[in-house]
Structures are given as C-alpha cells and as structure tokens.
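Novice:
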Amino acid sequence: MIISTFYCLLFNIPLIFLAMRFSNLSIIQYMEKIFGKYIGKVLGILYGLFFIRVAIHYYYIEIQMIRTTFMDELSPIIIILVLMIVSIYEASRGLEVSVRTVEFFGPIVVASLILFIVLGFNNIDLTVLLPIYEDSTLSRINMGAIEASLIFTDPNLLSMTFPSLSNKKDVVKIVVKSKIYSQLIIILMVIATQVSLGVEQARHSNFPFLTYVRLVRTYSIFERIEAAFLVTWLIIVTTRSVSYLYISSKAFKEVVNKKT
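Quick note: the working numbering has the sequence shown finishing at residue 290, numbered continuously throughout.
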C-alpha cells in the first residue's frame with residue numbers, strides 16, 4: 031500500500047497534464063479535440079461506461095453489506111429499489127449538492143474511522159507483521175502495489191469536474207493530498223485489521239474491518255459501535271456511488287451534446 035502511492039501518482043500524470051492543458055473542458059470534451067469527432071465520441075462512450083461500472087460496483091457492495099449484516103431477511107428487491115431511488119435523486123441534484131455533502135460528512139467519516147482504530151488498540155499485535163519479507167519477494171510487493179494503485183480512481187472524478195475548479199493551478203496539490211490522506215487512513219485500517227484478526231483471516235473475510243470493529247471492547251457510551259460503523263460505511267459507499275453515477279450521466283450528456 032505504501033509503494034502504491036508512487037505508482038498511483040505516476041499513472042495519473044497523463045490525466046493531470048491533459049486536465050491542465052484543456053482546463054475549460056472535461057475529459058470527454060477534450061477526447062474529441064485530440065482524436066477527432068468520431069473516435070473521440072467512441073472514447074467518450076467508453077469513459078461513460080467505465081464511470082457507470084464503478085458506480086454499479088460500489089452500489090453492489092453496498093447492497094451486499096446491508097444484506098449480510100443487518101437486513102438479511104428483507105427482500106433484496108426492496109433494498110435495491112430504495113437505494114436506486116435515493117442514488118438517482120442525489121445524482122440528479124448536480125455537482126454542488128454532491129460536493130457539499132462530501133464537505134459535511136468528510137470530517138465525520140475520517141474522525142469515526144480513526145476512533146474505531148484507536149478503540150481497538152488493545153487487540154493489536156504488531157509482531158504479526160514480522161518478518162515482512164518472509165512470504166513476499168520485492169517483485170510480488172511491487173506487483174501488489176501496482177494493483178492497489180489502480181483502485182484509486184479519484185483523479186477520474188477530477189478529470190470530469192475540472193472546469194468547475196475555482197483555482198485550476200492547484201490540481202497537482204489536490205491529487206497528491208487526496209492520495210496521501212486517503213492512503214494513510216487505508217494503511218491504518220489494513221494494519222489494524224491484519225494484526226488483530228491475523229493475516230489469513232483478514233485475507234479471506236468479506237468485510238474484515240467490520241469484523242475488527244466487532245472485536246472492539248466498548249464502554250456504555252460506545253454501546254452501538256457496530257451500528258455507528260455501518261452508518262459511517264454506508265455514507266462513504268453511497269457518496270462514491272452517487273459521485274460516479276453523476277459523472278457517468280454527465281459523460282453521456284456531453285457525448286450526445288445534451289444539457290439535460
């Protein structure tokens with residue numbers, strides 16, 4: 031995960047360069063400038079499909095979490111329809127509403143995740159991670175780092191919403207900061223999960239951090255810590271699925287030159 035930070039920033043250099051070169055256009059719009067009208071539209075459609083695929087991926091994970099943790103007897107179609115209506119409504123409200131939602135919930139989510147990790151400190155045994163190179167070679171670690179770096183898709187959000195940035199010169203700073211901050215939180219979560227559950231159990235668990243939270247010894251004030259984590263987790267995943275749903279619709283609108 032640490033090495034993946036380097037690969038992620040390396041892979042996003044072309045996106046950052048193109049965004050700054052065509053600062054008043056989204057990635058769909060400047061594809062036509064670079065490749066011409068027809069090839070550009072084909073690439074635009076592929077980008078739109080990619081964005082909606084990511085949205086569906088997060089949507090599917092969200093449904094699985096709800097079904098396996100606290101609504102296992104409820105009909106799946108009810109969960110699917112409710113989440114679909116909520117997601118489509120939020121995405122239809124536009125970029126500003128999505129950004130303000132993230133701005134409001136962001137600090138709450140980050141503080142909550144750090145609190146969960148701290149509360150489970152008594153379950154942590156860092157010696158589980160040693161020796162680091164016992165089961166891995168440098169080439170395998172690098173391959174894992176490359177795979178992990180491809181999960182970080184936030185620059186795609188930026189490439190679609192770049193024309194809306196008030197200070198476009200800050201794009202490099204935005205990408206670097208967002209990667210480092212998110213990476214630090216992910217690394218803390220991975221370490222906490224692996225050293226408390228063990229590497230093998232963490233590897234084969236569907237929702238390992240939820241399992242970690244369930245092991246946390248809580249006092250009366252934190253009696254419902256699992257429910258608190260589920261709320262936090264649903265906020266994170268819903269926000270991401272809505273964000274990609276919004277930019278996928280924006281991508282298809284730009285491909286067919288429609289405003290609505």
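Each residue gets a CB set at the ideal place from its N, CA and C atoms; glycine is no exception. Note that the structure is a prediction, hence the values are computed from the model and not measured.
1. Below 8 Å on the Cβ atoms is my guess for L240 versus F259; work out the distance and round it to an integer in Å.
2. Which same chain residues end up closer than 7 Å to L45 when comparing Cβ atoms and leaving out the 5 residues on each side of it in sequence?
3. Going by CA-CA distance only, name the one from K289, I64, S279, L113 that's closest to R83.
4. Alpha carbon to alpha carbon, how far is L227 from H234? Give it in angstroms, no decimals.
5. Going by beta-carbon coordinates alone, are G136 and E284 separated by less than 9 Å?
6. Tell me the rounded alpha-carbon separation between N152 and I57.
7. Please return the same chain residues whose Cβ sits closer than 8 Å to the Cβ of V206, not counting the five positions on each side in sequence.
8. Going by beta carbon distance, what residues of the same chain come within less than 7 Å of S179, once the five residues before and after it are set aside?
9. When you compare only the Cα positions, how much space is there between V112 and L168?
10. Flag this pair as touching only if the region 202–218 and the region 65–79 have three or more C-beta atom pairs under 8 Å; answer yes or no.
11. Sorted by chain position, which residues of the same chain lie with C-beta nearer than 8 Å to I171's C-beta, five sequence neighbours on each side aside?
12. Counting C-beta neighbours from all protein chains within 10 Å, is the total for F100 16 or more, i.e. buried, or is it exposed?
13. Do you know whose CA, among I93, Y119, S122, lies nearest I110's CA?
14. Using a Cβ-Cβ cutoff of less than 7 Å, which residues in the same chain neighbour Y77 once the five nearest sequence positions on both sides are dropped?
15. Within 10 angstroms of the Cβ of I147, are there 16 or more other Cβ atoms? Answer buried if so, exposed if not.
16. Tell me which same chain residues have a C-beta within less than 8 Å of the C-beta of V201, skipping the five on either side of it?
Specialist: Looking at the atomic coordinates:
1. 7 Å
2. P185, S189
3. S279
4. 11 Å
5. no
6. 47 Å
7. L39
8. S34, Y37, C38, F41
9. 46 Å
10. no
11. I33
12. exposed
13. I93
14. I57, I58, A281
15. buried
16. I46, A49, M50, L188, F192, L195
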